[in-house]
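Structure, as structure tokens:
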Amino acid sequence: MSIETISLSGRKKEVSNKKMTFLESLYLVAIVKGLFITIKHLFTRKVTIKYPEQVRPMSPVYRGQHMLMRDDEGRERCTACGLCALSCPAEAITMKAEERKPDEKHLYREEKYASIYEINMLRCIFCGLCEEACPKQAIYLTTSKKIVKADYDRGEFIYGKDKLVMPLEQALNNTKLKTAN
Amino acid sequence: MKVTIDGQTIEVEPGTTILQAARMIGGESVPPTMCYYSKLKGSGGKCRACLVEVSKGSDANPTPMPKLMASCVTGVMDGMEVNSIKSDRVTEARKSVTEFLLINHPLDCPVCDQAGECDLQNLSFKHGKSQTRYIEEKRTFEPEDIGPNIQLHMNRCILCYRCVMVADQLTDNRVHGVMDRGDHSNISTCISKAIDNEFSGNMIDVCPVGALTDKTFRFKSRVWFNKPFNAHRECTTPGCCGKTTVWMFGNEIQRVTGRKDEFHEVEEFICNECRFDHKDTKDWVIEGPRKFEKDSVINQNNYTRKLDTVVIETEKGILKGRDQDRKKISMPAVPLKKEEEQAFKEGNI
């Protein structure tokens, strides 16, 4: 066996330059063959879904958009300890802490809270280390069941507390469900 | 006097304590301290975190001491042999001491401003258990205002008395101290009298936990997001050296502290004016970045540290090859140039 004929991949094909017959040069058979393949695909199972209307079920270990959780009484759990920002390998998280005033006890769980909490979704690699580092179980990537959406403006990707904090109704609903069980 | 700590012998002056001798040796065998502070007279002996085992009393009387000794208040004897981290008894005792210190500690590190440079955090990380057996209610106090510059969190206090000694030894008239007794004892001022001594701010630096923190820095940032720099200024306060560490966030000075050494003790005490009133970079002459221990959280994400060249200790010539092999083997027709010959000899091709 010479080196020219060896096919290491097993897919090597010899290209021939033989002259086509008259029937072949009309291409009719080839066109029908090709169309048959196309039509066959019309009846097979589709691999895509109509995305915004239809959503695929999320895997339980899926990591999507972050959510800053509230506790059973609807107070924010985050105390701006900075461990998520410290653990973040992409340095996507920034925050600013503030002291809780006496009349805000129903809003924040601890003495200190995050007045500004921003995640740069362009930097975020969704590794989940912030979730692991959080000592207050405040940040989760699995509960929002949302994907970070595409946008035209880079500035829109810096998500503040308005987008990250769990909606109050959801927190109250969760508490209701918990007490019902 | 000769003393051996964890197998390492050192010659010390008479009157040195075991802890001071261990600090001269340095390394792993230095016992942790929560109440002892070398700059404060009479400190030590309260927390029991620095317990060591004396396996040989002295050359004159070689019987071992039956109980573990607090190394900060035990003087060395000639020929004494001490086991610190090497002894299982000591590590077990430190574990228990840590557990006792943490009984009434609120464990609010995510909120506490001291987190990251807290001695109790370091102690429990190194010597403590990661779970608690304490189910009773923790001791709590009403929050109390002790002035515009210093924040007191009595719940976090471990009653080391360092701050009281600062007030006794650095300021002219002490206005705070320890009230009540036993489980109820707490650091306080008399009838909430504000602390306004010129050196009272040093109690923030000496506090091993977050019981006394800087009100001007309260919740501003976490310590590991700040970059520490050595700085100094001409201070007119008598007794103040003006040499400090400033903690910067960008171009903003967020906090000023004394310079702390490897045992987290300030090198020199600074006055309240330096500490609280000068938060402008124009007031300070910045000397350069401050060095920290490699494992400190303050060094997190700090890549400016000088890296030492790695020296691989192997037998001679293992990287270069044997001497008889170290001659040009191929292409003898093309001889090496002069500088190439040198490089070839050194084996850096």
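First to last, the sequence lines map onto chains A and B. Count the first sequence with UniProt numbering and you get residues 1 to 181, in order. Count the second sequence with UniProt numbering and you get residues 1 to 349, in order. Don't be surprised by glycine CBs; every beta carbon is placed ideally from N, CA and C.
Cβ atoms of residue j and residue i: under 8 Å apart, would you say?
i        : j        : result
Thr33/B  : Ala49/B  : yes
Cys130/A : Ser87/A  : yes
Phe229/B : Thr245/B : yes
Ile158/A : Asn120/A : yes
Cys274/B : Val209/B : no
Tyr62/A  : Thr142/A : yes
Glu293/B : Glu262/B : yes
Lys86/B  : Asp6/B   : yes
Cys271/B : Phe199/B : yes
Ala114/A : Lys101/A : no
Thr17/B  : Val73/B  : yes
Gly160/A : Tyr108/A : no
Met58/A  : Gln137/A : no
With a threshold of 7 Å on Cβ separation, who are the neighbours of residue i within its own chain once the five nearest residues in sequence on each side are excluded?
i        : result
Asp183/B : Arg139
Pro106/B : Lys138, Asn155 and Arg156
Asp283/B : Arg233
Thr175/A : Asp72
Glu14/A  : none
Lys220/B : Gln254
Leaving out five residues on either side along the sequence, give the residues of the same chain with a beta carbon under 6 Å from the beta carbon of residue i.
i        : result
Cys241/B : Glu268
Asn104/B : Lys138 and Arg139
Met165/B : Leu40 and Ser43
Glu81/B  : Thr4, Ser55 and Lys56
Lys279/B : Ile253
Would residue i pass as an interface residue toward chain A - the criterion being a Cβ-Cβ separation below 8 Å?
i        : result
Pro238/B : no
Trp284/B : no
Gln131/B : no
Val175/B : no
Trp224/B : yes
Gln300/B : yes
Pro289/B : no
Pro14/B  : no
Ile349/B : Caution applies to Ile349/B, whose pLDDT of 47 falls short of 50 and renders its modelled position unreliable; the model cannot decide the point.
Arg218/B : yes
Val111/B : yes
Leu51/B  : no
Can you list, in chain order, the residues of its chain whose CB lies under 8 Å from that of residue i, leaving out five sequence neighbours each side?
i        : result
Asn173/B : Asn197
His106/A : Glu73, Gly74 and Arg75
Thr9/B   : Lys2 and Val3
Arg162/B : Cys35, Tyr37, Leu40, Ser43, Met203, Val206, Cys207 and Pro208
In angstroms with no decimal places, state the Cα-to-Cα distance between residue i and residue j.
i             : j        : result
Gly201/B      : Ile150/B : 7 Å
Gln254/B      : Val47/A  : 56 Å
Pro64/B       : Gly75/B  : 15 Å
Val29/A       : Gly64/A  : 50 Å
Met203/B      : Ala171/A : 43 Å
Ser25/A       : Leu35/A  : 17 Å
Thr21/A       : Ile31/A  : 16 Å
Gly26/B       : Val52/B  : 15 Å
Val90/B       : Asn83/B  : 8 Å
residue 352/B : Leu336/B : The structure shown does not extend to residue 352/B, since chain B is modelled only from 1 to 349, so the question has no answer here.
Lys260/B      : Lys227/B : 15 Å
Glu104/A      : Glu98/A  : 12 Å
Gln114/B      : Arg222/B : 8 Å
Ser124/B      : Asp295/B : 15 Å
Arg77/A       : Cys235/B : 44 Å
Pro14/B       : Gly79/B  : 12 Å
Return no unless some Cβ of chain B is closer than 8 Å to the Cβ of residue i.
i        : result
Glu99/A  : yes
Glu131/A : no
Lys136/A : yes
Glu111/A : yes
Identify whether residue i lies in helix, strand or coil by the three-state DSSP scheme.
i        : result
Ala167/B : helix
His127/B : helix
Glu273/B : helix
Lys105/A : coil
Lys243/B : strand
Ala138/A : coil
Arg70/A  : strand
Phe219/B : coil
Ile146/B : coil
Gly182/B : helix
Arg133/B : coil
Ile25/B  : helix
Asp214/B : strand
Glu262/B : coil
Gln114/B : coil
Asn300/B : The amino acid occupying residue 300/B in the given sequence is Gln; Asn does not appear at that position. If DSSP states are grouped into helix, strand and coil, Gln300/B belongs with coil.
Would you check whether the ligand FMN has a heavy atom nearer than 7 Å to the C-beta of residue i?
i       : result
His66/A : Questions concerning the ligand FMN fall outside what the structure shown contains, since it holds no ligand whatsoever.
What residues in the segment 57-91 of chain A have a beta carbon less than 8 Å from any beta carbon of chain C?
-> The structure shown contains no chain C; the protein chains it does contain are A and B.
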